[in-house]
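See below for the structure under consideration.
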Ligand SMILES: [Zn+2]
Ligand SMILES: [Zn+2]
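Residue numbers (this note's numbering): 8 to 895.
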């Protein structure tokens with residue numbers, strides 16, 4: 008074993024070995040119970056970011072833990088074709104060649120995308136391997152692969168036939184830049200400074216006008232009503248009348264609708280159903296026509312009259328100047344409001360009317376609500392279940408068509424002769440009505456439509472494969488909160504509809520990793536931390552440990568110290584294991600023999616840690632897994648058990664060496680198994696160095712080993728208590744020796760008063776270790792609270808009091824001086840603090856925090872003084888000679 012742990016070399020070698028022997032391959036039809044996770048498929052254009060790193064660590068911990076538990080585990084892996092993102096990448100690549108996608112045509116463009124994927128699409132999959140993810144890479148899926156496409160067509164046709172999918176003219180969020188509709192969930196909102204324009208509309212048949220306020224005067228051209236609130240007394244007499252749209256001269260009704268906000272602007276609203284979602288709703292309620300004045304290219308169309316051909320921004324300027332000329336603009340005031348923007352490219356969204364495909368969610372949503380209400384799907388933490396239910400109860404139709412070239416093309420065909428629409432899995436050759444030629448729908452489906460099928464389409468559906476039957480429903484989904492609606496909800500609906508069962512049982516919503524200063528991690532803000540750099544700097548185990556350690560149910564701030572802590576932990580584990588493996592007797596068999604109090608203690612602790620950590624894995628409390636294991640391995644196994652064991656490991660007695668070696672080998676093997684899900688590489692590497700056993704049949708890889716059984720027989724509270732006394736006394740004696748300035752070779756003599764039966768048994772039973780670790784010889788153990796005599800330094804620990812004999816060891820005069828000087832200093836501190844606290848002026852003026860600080864200073868000084876007084880009495884004799892002055 009190398010003296011230093013070389014994380015990178017080990018991690019690369021072990022991942023290769025696991026992959027070479029198909030360790031993560033899951034077999035269908037295996038008699039063991041299945042445990043399945045389908046990875047949230049990263050975009051094929053993606054690179055591992057901090058959110059992935061945390062989420063993939065969580066999933067890998069679960070897969071590895073359940074594999075150790077004996078489950079037939081499958082972690083489904085693959086990538087999402089990510090319509091817009093991928094199309095943008097390839098368009099960018101074409102642009103460098105001076106080409107556009109239109110130049111080369113749809114077919115050639117699709118070919119280019121596939122080429123792009125072959126070249127760059129596996130980046131993130133390689134990164135998953137670097138993190139140590141135990142995915143079934145041999146069954147990697149892609150949401151555009153042949154079989155997946157068939158699943159998508161099957162679902163579309165089925166939902167169309169059931170009437171859930173339809174085509175309609177509808178107001179959609181339109182991104183001019185992307186040239187596509189995007190769903191409500193893909194719209195982002197950004198606060199922007201703008202102007203609110205107050206515009207006069209003449210009232211037909213009178214000299215009166217109505218003033219409305221708008222941020223988008225260019226849409227005046229598409230107005231089809233003016234609306235006021237029925238409770239607004241200012242406008243009651245106008246309701247039922249007619250207003251005239253400026254320039255266009257169109258006469259439009261003045262209507263009353265209770266959704267009009269009396270407090271906004273003048274309380275009168277222009278209604279443009281063709282360009283505003285709220286107006287669209289009002290239009291539906293009042294049967295208003297929709298006039299579209301902005302086209303899909305973002306320019307004003309023929310309906311805009313003289314403004315035709317201008318962009319919407321140009322039209323705004325032109326309309327405002329015309330309003331001014333005609334004296335119809337009352338005023339313009341500064342106004343901040345939320346502008347809708349495209350999540351992908353940031354362009355302002357123009358709500359536009361267009362012919363789109365929709366999915367009506369009303370029928371599908373009910374079973375998906377029930378599944379969460381009755382607990383068949385459980386969100387962790389539970390509050391996300393409420394978030395899900397709230398959204399589901401108010402769900403709206405989903406616009407599923409996208410005007411892109413890359414994606415699942417909608418299996419719809421229209422007749423070029425009679426416009427008849429056909430939806431079919433197999434493309435029709437001619438119109439079923441008139442025999443005319445048919446045209447394939449140009450639009451593709453929203454990427455989330457295909458990813459909604461991920462849990463079953465990746466397992467072979469629509470074929471009834473053995474893999475599907477073995478691994479569906481999956482067990483756990485772990486994902487980010489921002490795709491609960493976009494993805495989680497839709498998977499639940501689709502799973503229930505097409506498999507008659509929920510797609511997963513538990514949904515873990517992992518926390519968001521924020522930058523160290525609490526800001527969002529983002530590349531553009533420069534606040535991102537690249538997990539691949541962390542892996543390069545510290546190793547994958549360290550990165551996983553750090554991420555798990557900082558994760559909790561709340562959002563977490565990234566802390567590089569946690570990753571460093573992980574690296575130090577991996578090194579500590581390596582060094583301790585090396586000590587065990589190199590120090591163990593060559594012929595030792597891993598066998599537990601509870602010969603000493605330390606053995607009884609550590610195996611009792613091992614048993615409770617094994618059980619506790621199992622519970623924490625099961626309840627997804629990975630931060631506590633990291634904390635509990637760190638403390639156990641570092642503070643108990645390394646700091647104490649190993650130190651005690653060393654004294655036996657280097658004993659003259661071979662039996663003793665064999666006995667402790669056997670214990671150490673068992674302890675090491677079990678600790679490696681418990682730690683493996685969290686830190687798979689260092690544990691697997693150490694496991695490989697465990698000596699071959701003649702008796703058992705240990706699997707060649709720790710990945711295939713078993714999580715240790717909880718050995719109830721090892722539970723021994725008395726041993727734990729006794730060892731607490733041992734570590735407490737040894738630790739106390741070390742401090743006392745340091746304080747007294749004892750040289751290493753000055754062996755002290757210690758008497759232990761056992762105040763609680765059995766409490767000194769570890770101290771008495773581990774004399775050699777006691778001497779080595781404390782530098783003191785145990786002279787005797789006295790039962791009960793015998794009154795001590797002579798000069799001594801005392802140390803207290805649970806159930807015991809140890810007395811270090813100072814006679815002949817410490818110069819009494821020097822100790823007297825040391826204690827008196829220490830007491831004076833403490834007394835001085837106390838007096839200063841007291842003076843301040845006795846000063847009414849200070850108390851009145853000083854901030855609370857400063858006063859509190861003084862109180863703490865006083866309390867600390869008094870505690871020191873008290874301790875010194877006790878020590879003086881024990882070590883020198885008599886009362887501490889200190890002129891304490893007056894005041895107390
Ligand atoms: Zn866009
Ligand atoms: Zn036809």
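Virtual Cβ for every residue (Gly too), placed ideally from N, Cα, C.
query                                                                                                                                : result
Any non-hydrogen atom of ligand 2 closer than 7 angstroms to residue 431 Cβ                                                          : no
Those runs of the alpha helix (DSSP H) which lie wholly inside the stretch 98–137 and span at least 4 residues                       : 108–111 and 113–127
Residue 777 versus residue 884 - alpha carbon distance                                                                               : 28 angstroms
Rounded separation between residue 142 and residue 713 - CA only                                                                     : 19 angstroms
Residue interval of the beta strand (DSSP E) (run including residue 761)                                                             : 755–761
Option in 97, 609, 800 and 844 with minimal Cα separation from residue 670                                                           : 609
Three-state class that DSSP yields for residue 25 in the structure shown                                                             : helix
Local Cβ density within 10 Å of residue 656, reported as buried at 16 or more and exposed below that                                 : buried
Coil, strand or helix - residue 661 by DSSP                                                                                          : helix
CB of residue 211 within 8 angstroms of CB of residue 267, strictly                                                                  : no
Cα-Cα separation between residue 12 and residue 684, rounded to whole angstroms                                                      : 19 angstroms
First through last residue of the beta strand (DSSP E) which encompasses residue 347                                                 : 336–349
Residues of its chain near residue 892, where Cβ-Cβ distance is below 6 angstroms and the 5 sequence neighbours each way are ignored : Summary for residue 892: the model assigns pLDDT 47, below 50, so the residue's position carries little reliability, and this model does not support an answer.
contact_flag[the stretch 798–812, the stretch 831–844] where n(CB pairs < 8 angstroms) is 3 or more                                  : no
Proximity test, residue 354 beta-carbon vs ligand 1 heavy atom, cut-off 7 angstroms                                                  : yes
Cβ-heavy atom distance, residue 351 to ligand 1, below 7 angstroms                                                                   : yes
Cβ-based burial, residue 134 [other Cβ within 10 Å; buried from 16]                                                                  : buried
Three-way DSSP call (helix, strand, coil) for residue 207 in this model                                                              : strand
Beta-carbon proximity of residue 359 to residue 299, cut-off 8 angstroms                                                             : yes
Heavy atom of ligand 1 within 7 angstroms of residue 185 beta-carbon                                                                 : yes
C-alpha gap between residue 557 and residue 483, whole angstroms                                                                     : 21 angstroms
Close Cβ partners of residue 1 (< 6 angstroms) along its chain, the five nearest in sequence each way excluded                       : Because the chain here runs from 8 to 895, residue 1 falls outside it and cannot be looked at.
Sequence-distant residues of its chain with Cβ nearer than 7 angstroms to residue 277 (five each side left out)                      : 219, 221, 227, 230 and 233
Ligand 1 heavy atom lying under 7 angstroms from the CB of residue 406                                                               : no
Reference residue 709; option with closest CA among 555, 689 and 722                                                                 : 689
beta-carbon residue 182 near ligand 1 non-hydrogen atom, thresh 7 angstroms                                                          : yes
Residue 226 - DSSP class collapsed to helix/strand/coil                                                                              : helix
Residue 425 beta carbon near ligand 2 (any heavy atom closer than 7 angstroms)                                                       : yes
Length at least 4, wholly inside the stretch 466–544: the alpha helix (DSSP H) runs in chain order                                   : 473–478 and 497–506
Whole-angstrom C-beta distance between residue 616 and residue 363, which should lie under 8 angstroms                               : 57 angstroms between Cβ atoms; not a contact.
Residue 546 burial status per 10 Å Cβ neighbour count (16 or more: buried)                                                           : buried
C-beta neighbour in chain B for residue 835, strict 8 angstroms                                                                      : Protein chain content of the structure displayed is limited to a single chain, and chain B is not contained in it.
Nonlocal neighbours in the same chain, by C-beta distance under 8 angstroms from residue 895, ignoring five residues either side     : Only weak support is given to the placement of residue 895: the predicted model assigns it a pLDDT of 38, under 50, and the value that follows is read from those uncertain coordinates. If we look at residue 895 and ignore the five residues flanking it on each side, its Cβ neighbours are 841.
Stretch-stretch touch, CB-based, cutoff 8 angstroms, three pairs: the stretch 825–838 with the stretch 846–855                       : no
Buried versus exposed call for residue 648 [16 or more other C-beta atoms within 10 Å across all chains shown]                       : buried
Cβ-Cβ distance between residue 308 and residue 199 below 8 angstroms                                                                 : no
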